[in-house]
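Participant: One structure, as C-alpha cells, below. Some questions next.
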Amino acid sequence: MKAIRFHDHGGPEVLRLEEVPDPVIGPGEALVRVRACALNHLDLWQRRGLRRVAIPLPHISGSDVAGTVVDSKGGDLPAGTRVMLQPGVSCGRCLACLSGSDNECPHYEVLGYRNHPGGYAELVKVPVQNLVPIADSVPFVDAAAFPLTFVTAWHMLITRANLQRGEDVLVLAAGSGVGQAAVQIARLVGARVFATAGTDAKLERARAIGAAEVINHHTQDIAEEIKRLTNRRGVDVVVEHVGVATWAKSVRSLARNGRLVTCGATTGGEAGVDLLALFSKRLSILGSYMGTKAELIRAAEHLFAGRLTPIIDRTFPLAEAGAAQQRLEESGQFGKIVLEV
Ligand SMILES: [Zn+2]
3 MKAIRFHDHG GPEVLRLEEV PDPVIGPGEA LVRVRACALN HLDLWQRRGL RRVAIPLPHI
63 SGSDVAGTVV DSKGGDLPAG TRVMLQPGVS CGRCLACLSG SDNECPHYEV LGYRNHPGGY
123 AELVKVPVQN LVPIADSVPF VDAAAFPLTF VTAWHMLITR ANLQRGEDVL VLAAGSGVGQ
183 AAVQIARLVG ARVFATAGTD AKLERARAIG AAEVINHHTQ DIAEEIKRLT NRRGVDVVVE
243 HVGVATWAKS VRSLARNGRL VTCGATTGGE AGVDLLALFS KRLSILGSYM GTKAELIRAA
303 EHLFAGRLTP IIDRTFPLAE AGAAQQRLEE SGQFGKIVLE V
C-alpha cells in the first residue's frame with residue numbers, strides 16, 4: 003500500500019509518500035480501506051519529536067479515519083461496511099475498560115500515535131471494537147473529521163464539566179478542531195456560547211456555528227470582554243486547550259462555582275493558578291483526555307441526525323500531507339483539515 007511516513011523527526015519535509023507492506027490482521031482485528039483521514043495537533047507533535055514519548059520510526063500518523071471494511075477476523079461487520087474509527091485503542095479486559103472508562107485503560111493508546119500505525123495510508127488495521135458504522139448520508143470526509151475532536155469536546159463539556167442548559171460557556175480558539183466541536187456541543191445542550199478567535203473572518207464563522215458573542219484574542223482582553231458581556235458575572239464553564247498564553251485570562255473569566263476544563267496546552271503547560279480566586283470563588287479545574295467509546299457513539303447519533311456537523315477547512319490528497327500539516331501549523335484553518343485517500 004501507499005502511506006505517508008517519516009523516518010526522522012523534523013518539519014513537514016520529513017513526510018514521505020512510500021510503498022510499504024500492507025498491514026496483516028490477527029484475531030479480533032479488522033482491515034480498513036482508508037478514504038479520509040483528518041489531521042490533529044498530535045500529528046505535528048509526533049513528527050517534530052516529543053521530549054517524554056518515543057515514537058517508533060518509521061511512523062505512520064493519523065488518528066481520525068473513515069473508510070470501508072476490507073476484511074475482519076471477528077466482529078460482525080461485512081466487507082464494504084462504511085465506518086469511522088474510534089481513535090482510542092484499549093485492552094477491553096481491565097477494570098477501566100469494563101466500567102466504560104476505556105480512555106483510562108492503562109494500555110490506552112491513540113491510533114496513529116505510538117504503536118498503532120495510523121490513517122495516513124491506504125489501509126489501516128484496528129481492533130474490531132473500534133469500528134463504528136456510519137450512516138450513508140455522512141461523507142467520508144465528515145466522518146473522518148468527527149471522532150477525536152468531538153469525543154474530546156463531548157467528554158470535556160458533558161462528562162467533566164457537567165454543562166447544563168442555560169449556562170454560559172467560553173470556548174477558546176473556536177476555529178480549532180476542539181473549539182468548533184465544543185461550540186456546537188454547548189449549543190446542543192442549550193448553553194450560551196462565547197467564543198474567541200484570532201481574525202475577524204474566524205469570528206464571523208464562530209458566530210455562524212452558534213457563538214452568541216465573539217472575542218478577538220489578539221486584540222481584545224478575553225477576561226475584560228467576558229466581564230463586560232456577562233454583566234461582571236463571568237462564565238460557568240471555560241473550554242481550555244490553548245495553555246499558558248490564555249490560562250490566566252481563562253481563570254479570570256470564571257463565575258463563582260465556575261469550572262475550567264482543559265484538554266491541551268498548545269502554547270505551553272507552565273501556567274500558575276491564583277489560589278485566592280480558586281478557593282474564594284469555589285472554582286474547579288478539570289483535566290480531560292480524549293473520551294470513551296460510548297461517548298463517541300452517543301455523539302455520533304447527533305452527527306447522523308445532522309445536529310452536529312464537523313466544520314471542514316479544506317481537504318488535501320494523501321500525497322500532500324506535508325502541505326496539509328503546514329496549514330495546521332500556521333493556524334490558518336477554521337475547522338478540520340482532512341486528507342483524502
Ligand atoms: Zn483496559
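Just so we're aligned: the sequence shown equals residues 3 to 343 in my numbering. The C-beta atom is built at its ideal place from N, Cα and C for all residues, glycine as well.
(1) The beta strand (DSSP E) with P319 in it runs from where to where?
(2) If you run the structure through DSSP and keep just helix, strand and coil, what is N117?
(3) Three or more C-beta pairs under 8 Å: does that hold for the segment 32–40 against the segment 327–341?
(4) With a cut-off of 8 Å, do at least 3 Cβ pairs link the segment 130–139 to the segment 150–163?
(5) Using the three-state DSSP reduction, which class does N218 fall into: helix, strand or coil?
(6) Do you know how far the Cα of Q182 is from the Cα of S252?
(7) Could you name the residues, in chain order, whose CB is less than 5 Å away from a heavy atom belonging to ligand 1?
(8) V239 to I228, Cα distance in whole Å?
(9) How about E215 and L231: do their beta carbons lie closer than 7 Å?
(10) How about I344 and V185: do their beta carbons lie closer than 7 Å?
(11) Closer than 8 Å is the cut-off here; do at least three beta carbon pairs connect the segment 84–98 with the segment 164–171?
(12) How should L174 be labelled, buried or exposed, when 16 other C-beta atoms within 10 angstroms of its C-beta is the threshold for buried?
(13) Roughly how many angstroms separate the alpha carbons of R95 and E31, rounded to a whole number?
(14) Tell me the DSSP bridge mates of S63?
(15) Rounded to whole angstroms, what's the CA-CA distance from P312 to R234? Just pull it up for me.
Facilitator: Result, derived from the coordinates:
(1) Position 317 of the sequence shown, counting from 1, holds the residue named residue 319. P319 -> beta strand (DSSP E) spans I314 to P319.
(2) Locating residue 117 in the sequence shown gives position 115, counting from the first residue. Note: N117 maps to coil in three-state DSSP.
(3) Counting Cβ pairs under 8 Å, three or more are found: they touch.
(4) Judged by pairs of C-beta atoms under 8 Å, the segment 130–139 does not touch the segment 150–163, as fewer than three such pairs exist.
(5) Translated into the one-based positions of the sequence shown, residue 218 becomes position 216. In this structure, DSSP gives N218 an extended state, which the three-state scheme calls strand.
(6) Numbered from 1 along the sequence shown, position 250 holds the residue referred to as residue 252. Numbered from 1 along the sequence shown, position 180 holds the residue referred to as residue 182. Near 18 Å, if we compare the C-alpha coordinates of Q182 and S252.
(7) Going by the Cβ distance cut-off, the answer is S92, C93, C96, C99 and C107.
(8) Residue mapping note: residue 239 aligns to position 237 of the sequence shown, counting from 1. Residue mapping note: residue 228 aligns to position 226 of the sequence shown, counting from 1. Their Cα atoms are separated by approximately 12 Å.
(9) What you label residue 215 is simply residue 213 of the sequence shown in a count that begins at 1. What you label residue 231 is simply residue 229 of the sequence shown in a count that begins at 1. Result yes, Cβ atoms of E215 and L231 sit closer than 7 Å.
(10) Residue 344 lies beyond the stretch modelled for the chain, which goes from 3 to 343, so this question has no answer here.
(11) Verdict: no, contact absent.
(12) What you label residue 174 is simply residue 172 of the sequence shown in a count that begins at 1. The residue in question, L174, is buried, as its Cβ has 16 or more Cβ neighbours within 10 Å.
(13) In the sequence shown, residue 95 corresponds to position 93, counting from 1. In the sequence shown, residue 31 corresponds to position 29, counting from 1. Rounded to whole angstroms, R95 to E31 spans 16 Å at the Cα level.
(14) Position 61 of the sequence shown, counted from the first residue, corresponds to residue 63. In DSSP, S63 forms no bridge with anything.
(15) Here residue 312 refers to the residue found at position 310 of the sequence shown. Here residue 234 refers to the residue found at position 232 of the sequence shown. The alpha-carbon of P312 is positioned some 33 Å away from that of R234.
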